[in-house]
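Enquirer:
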């Protein structure tokens, strides 16, 4: 059965690594739903968060094939109940639409969105949340003319108390000392 | 063992020496023990070739005729020596020509360091002359690759490359070096690498898994061991034999596991897979326990996965975690180098024999012998069969030559009928099935093991894919024995056309040149044989000839390789005819 998985991948910051990682999905003809990447909390270590629909069996194989890349430190497979995750969405609406009634203002309040910038021509509204939520707001607001809409990939944090990577790095450091 | 160069460098002061990136590259290769380089010069790698000119006494550079040949030769060298093969090519077409060999080394776990020249760093991304994104192109077919744009990064990149190529599950590494980095100066000091934070080459064996595996083995009535190349790569042949002999478990091998166990070992029950032996295939589905040792359940071994080893629990001894549960579910995965895990397992298992079970394999062999092997090795028909030629040649080399093959019918026949006494005696393209692999790989094998006879079996199709390497064999005086099994057909494809495409021989018949004339053009001694009466004398002549030799044997035009597990069928549906 296919379900949604979030892969949390930690790696060295090596040129071309994004390509190496996405290639594992391409080879298996797996579509990436969303992907974000940036430096992690640990200096020099990069984090990729990838959302994908797959079976448990396949995603575990994918994770192992990603982990096999020399510069990848660890790939964690996480399900929706193991993480807290967010996405950010930006909406651009004509300021006129905002002034013409109180519907947009009502939506902003109702959805916990906020207004980032107002100019005579347009207003930019921001909402964070799950995809379904940002999508719902888009559909409601679009009735009043959304000029531009953009949504980020997912970022996620695990619910477990211990930081998975920290433990792993500590173990690696011990291994290194054993080698030398 | 330390090379002369390494000793010399150690004696010198530890102070850094000023030199060009190109010279630092060559010195780094020497520091890693490189004895031989297969290569082909060109614009973007010229500074390195200029540096090599000064090191001709320290390293043997073999000038090939095509970059694909350079990589296959490096593979042949690596496979027989266990050392890292080194190839140097130029940018653009030089690098793209190397890709087939790199992909072949990747899928067959062969340690290589391939150096490619690149255009100057200021020209990168501008579609400059002979510029290609070789790092991008080779990313899916290398274990690791990197582009180096600064001279001072060269020694570190080489150290990393060798460590990655040879450690854990070996594989090819590519280093792309811009021309300006080759020209620029640096302070050279060399430090080998022993550790990379994000890379764990050899997992530590879990003793609990060993316990669990030993328990399954002790309970098993019909165990079957599957021997893969992991045994050879791990240097665990002795550990394998000890394990098998204590437990009495019959052992079958994959194509790349061939020669890990001597042919005449009483527990050796033959080859697995599509053209493997009858017993190991059919008994896979009767076994109650499969012990996979350094192998990866390739589809050519397993056939249809849903009907594979249906009655068996599976123990999988493997160094690469990504192979565990990839194709076949492992009830007990044992991660680690089989050189470590096998002795731990041997210690825990109780001594046993499986005479009755083993006898079933012998019974299968007798069936296969009557129906196939006897006819192939001692035919009564007029035409020469590939099997009888291979069988006779194996005997002429006292069953102790290094066998190199190309890809196709002759490859399967050679794997079935050539015999072996010692390990690392097989060089063949398994996973990628690269036609044209054989001739250059044989050169590398011979240069890697000059004291052993190297015998190449090649078909008329594959021979013509890299036939220009006859020039390298002539120039470098590489005494390989080339046995051309010529049926004037792309035999394996023709066989499939006969069996699965109503004998519609679509573009598989070859009208060939006179190979004797070609050999003569390269000043390589040769003989052509068409009848059974001539064959033995011709073989003796080839074996005794001092230097390279081409023996062309015209074999029957439409011979087939059997047994055969048709593509997608179950191993138990193996066809004897």
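Protein chains in written order, with this note's numbering: chain A, 394 to 573; chain B, 3 to 579. Backbone N, C-alpha and C fix where the C-beta goes; we use that ideal spot for every residue, glycine too. Note that the structure is a prediction, hence the values are computed from the model and not measured.
1) Check whether the Cβ of residue 417 of chain B lies closer than 8 Å to any Cβ atom in chain E.
2) With a threshold of 8 Å between beta-carbons, can residue 447 of chain A be considered close to chain B, or not?
3) Please state whether DSSP places residue 483 of chain B in a helix, a strand or coil.
4) Might you give, ordered along the chain, the residues of its own chain that have their beta carbon closer than 7 Å to the beta carbon of residue 538 of chain B, omitting 5 neighbours on each side?
5) Kindly give me the distance between the Cβ atoms of residue 335 of chain B and residue 318 of chain B, rounded to whole angstroms, as I take these residues to be in contact under 8 Å.
6) Is there a Cβ from chain B that is less than 8 Å from the Cβ of residue 334 of chain A?
7) According to a CB-to-CB cut-off of less than 8 Å, which residues of the stretch 193-205 of chain B neighbour chain A?
8) At a Cβ threshold of 8 Å, is residue 137 of chain B touching chain A?
9) So what does residue 227 of chain B bridge to, in DSSP terms?
10) Under 8 Å, Cβ to Cβ, is there at least one residue of chain B near residue 404 of chain A?
11) Our contact map puts residue 92 of chain B next to residue 47 of chain B with C-beta atoms below 8 Å; I'd like the distance itself, whole angstroms only.
12) Show which residues of chain A have a CB atom less than 9 Å away from the CB atom of residue 141 of chain B.
13) The alpha helix (DSSP H) spanning residue 439 of chain A covers which residue range?
14) Please name the residue, chosen from B:35, B:276, B:21, that lies closest to residue 10 of chain B on a Cα-to-Cα basis.
15) For the stretch 148-174 of chain B, list every residue whose C-beta sits within 7 Å of some C-beta in chain A, in sequence order.
16) Measure the Cβ-Cβ separation of residue 468 of chain A and residue 550 of chain A and say whether it is below 8 Å.
17) Between which residues of its own chain and residue 139 of chain B is the CB-CB distance below 8 Å, once the five residues before and five after are set aside?
18) If residue 406 of chain B and residue 458 of chain B are in contact, beta carbons under 8 Å, what's the gap, nearest whole angstrom?
19) Which chain A residues are close to residue 145 of chain B, counting only those with a beta carbon under 8 Å from its beta carbon?
20) At a CB-CB cut-off below 8 Å, which residues of chain B make contact with residue 394 of chain A?
21) Over what stretch of residues does the beta strand (DSSP E) that includes residue 479 of chain A continue unbroken?
22) Can you tell me which residues form a DSSP beta bridge with residue 273 of chain B?
23) If I'm right that residue 76 of chain B touches residue 446 of chain B with Cβ under 8 Å, what's the distance once you round it to whole angstroms?
24) For residue 552 of chain B, list the residues DSSP reports as bridge partners.
25) Please check the pair residue 271 of chain B and residue 294 of chain B, which I expect to be a contact at CB under 8 Å, by giving their CB distance rounded to whole angstroms.
26) Show which residues of chain A have a CB atom less than 9 Å away from the CB atom of residue 328 of chain B.
27) So, do the stretch 429-439 of chain B and the stretch 515-523 of chain B have three or more beta carbon pairs nearer to each other than 8 Å?
28) With the cut-off set at 8 Å, would you say residue 337 of chain B and residue 205 of chain B are in Cβ contact?
29) List, in order along the chain, the chain A residues whose C-beta lies closer than 8 Å to that of residue 322 of chain B?
30) Using the three-state DSSP reduction, which class does residue 445 of chain B fall into: helix, strand or coil?
31) Hey, quick one: how far does the alpha helix (DSSP H) through residue 345 of chain B stretch, first residue to last?
32) Can you pull the chain B neighbours of residue 569 of chain A, defined as C-beta to C-beta under 8 Å?
33) Just reading off the alpha helix (DSSP H) that residue 184 of chain B is part of, what are its end residues?
34) Do residue 520 of chain A and residue 504 of chain A have their CB atoms nearer than 8 Å?
35) On the three-state DSSP scale, how would you describe residue 147 of chain B?
36) Starting from the Cα of residue 513 of chain A, find the closest Cα among A:400, A:494, A:486 and give me that residue.
Expert: The structure says:
1) Among the chains of the structure shown, chain E does not appear; the protein chains present are A and B.
2) The residue labelled residue 447 of chain A in the question sits at position 54 within the first chain. It does not; no Cβ of chain B falls within 8 Å.
3) In the second chain, counting from the first residue as 1, residue 483 of chain B sits at position 481. DSSP places residue 483 of chain B in strand when its eight states are reduced to three.
4) Translated into positions along the second chain, residue 538 of chain B becomes position 536. Taken in chain order, the residues that qualify are 394.
5) One-based indexing of the second chain puts residue 335 of chain B at position 333. One-based indexing of the second chain puts residue 318 of chain B at position 316. So it is a contact: roughly 5 Å between Cβ atoms.
6) Absent from the model: residue 334 of chain A. The displayed extent of chain A is 394 to 573, so no value can be given.
7) 196, 197, 198, 199, 200, 201, 202
8) Reading the second chain from its first residue, position 135 is the one you call residue 137 of chain B. Yes - at least one Cβ of chain A is within 8 Å of the one on residue 137 of chain B.
9) Mapped onto the second chain, residue 227 of chain B falls at position 225. DSSP lists B:253, B:293 as the bridge partner or partners of residue 227 of chain B.
10) If you number the first chain from 1, residue 404 of chain A lands on position 11. Closer than 8 Å: yes.
11) By one-based count along the second chain, residue 92 of chain B stands at place 90. By one-based count along the second chain, residue 47 of chain B stands at place 45. Residue 92 of chain B to residue 47 of chain B, Cβ: 4 Å. Contact.
12) For this step, residue 141 of chain B is matched to residue 139 along the second chain. What residue 141 of chain B touches in chain A: 409, 412, 413, 416.
13) On the first chain, residue 439 of chain A is found 46 positions in, with the first residue counted as 1. Premise fails: residue 439 of chain A lies in the beta strand (DSSP E), 438-447, not in any alpha helix (DSSP H).
14) As a working mapping, residue 10 of chain B is identified with position 8 in the second chain. Checking every option, the nearest Cα to that of residue 10 of chain B belongs to B:35.
15) 166
16) Reading the first chain from its first residue, position 75 is the one you call residue 468 of chain A. Reading the first chain from its first residue, position 157 is the one you call residue 550 of chain A. No, these two residues do not count as a Cβ contact at 8 Å.
17) By one-based count along the second chain, residue 139 of chain B stands at place 137. These residues qualify, in order along the chain: 97, 98, 101.
18) Sequence index remark: in the second chain, residue 406 of chain B carries index 404 (1-based). Sequence index remark: in the second chain, residue 458 of chain B carries index 456 (1-based). Contact flag correct, Cβ pair sits at about 4 Å.
19) Working through the second chain from its first residue, we reach residue 145 of chain B at position 143. Within 8 Å Cβ-Cβ: 463.
20) Against the first chain, residue 394 of chain A aligns to sequence position 1. For the C-beta of residue 394 of chain A, not a single chain B residue is nearer than 8 Å; the gap to the nearest is close to 18 Å.
21) Taking the first chain and counting its residues from 1, one reaches residue 479 of chain A at position 86. Taken as a continuous stretch (DSSP letters only), the beta strand (DSSP E) holding residue 479 of chain A covers 476-487.
22) Numbered from 1 along the second chain, position 271 holds the residue referred to as residue 273 of chain B. According to DSSP, residue 273 of chain B bridges with B:255.
23) The count along the second chain starts at 1 and reaches residue 76 of chain B at position 74. The count along the second chain starts at 1 and reaches residue 446 of chain B at position 444. Rounded, the Cβ-Cβ distance is 6 Å, consistent with contact.
24) Against the second chain, residue 552 of chain B aligns to sequence position 550. Bridge partners of residue 552 of chain B: B:484, B:528.
25) As a first step, residue 271 of chain B must be located in the second chain, where it is residue number 269. As a first step, residue 294 of chain B must be located in the second chain, where it is residue number 292. Their Cβ separation, rounded to whole angstroms, is 15 Å, which puts residue 271 of chain B and residue 294 of chain B out of contact at 8 Å.
26) Numbered from its first residue, the second chain carries residue 328 of chain B at position 326. Under the 9 Å cutoff, chain A gives 454, 457, 458.
27) no
28) As a position in the second chain, residue 337 of chain B is number 335, starting the count at 1. As a position in the second chain, residue 205 of chain B is number 203, starting the count at 1. In terms of Cβ geometry, residue 337 of chain B and residue 205 of chain B form a close pair [threshold 8 Å].
29) Start at 1 with the first residue of the second chain, and residue 322 of chain B comes out as number 320. Residues of chain A passing the Cβ test: 461.
30) Numbered from 1 along the second chain, position 443 holds the residue referred to as residue 445 of chain B. In the structure shown, residue 445 of chain B sits in a helix (DSSP, three-state: H, G or I).
31) Working through the second chain from its first residue, we reach residue 345 of chain B at position 343. Taken as a continuous stretch (DSSP letters only), the alpha helix (DSSP H) holding residue 345 of chain B covers 340-350.
32) Here residue 569 of chain A corresponds to residue number 176 of the first chain, with the count starting at 1. Going along chain B in sequence order, the residues near residue 569 of chain A (Cβ under 8 Å) are 197, 199.
33) By one-based count along the second chain, residue 184 of chain B stands at place 182. Bounds of the alpha helix (DSSP H) holding residue 184 of chain B are 181-185.
34) Start at 1 with the first residue of the first chain, and residue 520 of chain A comes out as number 127. Start at 1 with the first residue of the first chain, and residue 504 of chain A comes out as number 111. Cβ distance < 8 Å, so residue 520 of chain A and residue 504 of chain A count as in contact.
35) One-based indexing of the second chain puts residue 147 of chain B at position 145. Three-state result, residue 147 of chain B: strand.
36) On the first chain, residue 513 of chain A is found 120 positions in, with the first residue counted as 1. It is A:486.
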